[in-house]
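Residue numbers (this note's numbering): 4 to 157.
See below:
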C-alpha cells in the first residue's frame, strides 16, 4: 500500500502514482508603517493541498475502474482520511479535482495509457482536533457500552 484515501487504496494494482506534491499556505496580514517595513501578523494556516499524478497502463496496473472510483468519491462531497503506507495520518481531505488523459488507443477506443492528476484539499482544523474528536467519540461509546451492560445485568 502506498496511500489510502478513505477506503480507496493506492497501490500498483489500482492507481500507482509516480509523483506526490504537497503545498501548504500560511496566512499573514500586513500593516503599513511610516518609515518602516510593514508589520506582519500571523493569522493561521491556509490551504493544504496534495497533488498525485502518474500514468496507468490498464494491461498492467489499475485502469478505468480505479478512476471511476475516485470520481464517485469526489461526487459524494465528503472528506476522507488520507493515510500513508507507513501509517502517517495527513488529515481529512476532499477530492477537489480529478483529471485524466487517455493516449495510445486499442482498436475499441480504450486507452493503453491513462495519465492522471488527482488534487486533494485538507479540510480538518488540525490533527489535534481530529484526535480530540476521536477521543470524544470513544468516550461516548464506552459510556454507552457501560449503560448497556448495566441494563443487561439489572
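Cβ coordinates follow ideal geometry from the N, Cα and C atoms, glycine included.
_I need the DSSP call for residue 48, collapsed to helix, strand or coil._
By 1-based counting over the chain shown, the position of residue 48 is 45. In the structure shown, residue 48 sits in a strand (DSSP, three-state: E or B).
_Simplified DSSP state of residue 56, which is helix, strand or coil_ = The residue you call residue 56 lines up with position 53 of the chain shown. DSSP places residue 56 in strand when its eight states are reduced to three.
*What's the call for residue 92, buried or exposed, on a 16-neighbour Cβ count within 10 Å?*
Here residue 92 is taken as the residue at index 89 of the chain shown, counted from 1. Its Cβ having fewer than 16 others within 10 Å, residue 92 is exposed.
*For residue 25, write down the residues that DSSP places opposite it in a beta bridge.*
Within the chain shown, numbered from 1, the residue matching residue 25 stands at position 22. Residue 25 pairs with 53.
*So, is residue 104 buried or exposed, given that buried needs 16 or more other C-beta atoms within 10 angstroms?*
As a first step, residue 104 must be located in the chain shown, where it is residue number 101. Around the C-beta of residue 104, fewer than 16 other C-beta atoms lie within 10 Å, and the residue is accordingly described as exposed.
*Return the first residue and the last residue of the beta strand (DSSP E) that residue 99 is part of.*
Translated into positions along the chain shown, residue 99 becomes position 96. For residue 99, the enclosing beta strand (DSSP E) has its first and last residue at 92–108.
*Hey, how far is the Cα of residue 126 from the Cα of residue 85?*
For this step, residue 126 is matched to residue 123 along the chain shown. For this step, residue 85 is matched to residue 82 along the chain shown. Cα to Cα, residue 126 sits roughly 11 Å from residue 85.
*Which word fits residue 10, buried or exposed, when buried means at least 16 other C-beta atoms lie within 10 angstroms of its C-beta?*
What you label residue 10 is simply residue 7 of the chain shown in a count that begins at 1. So residue 10 ends up on the exposed side.
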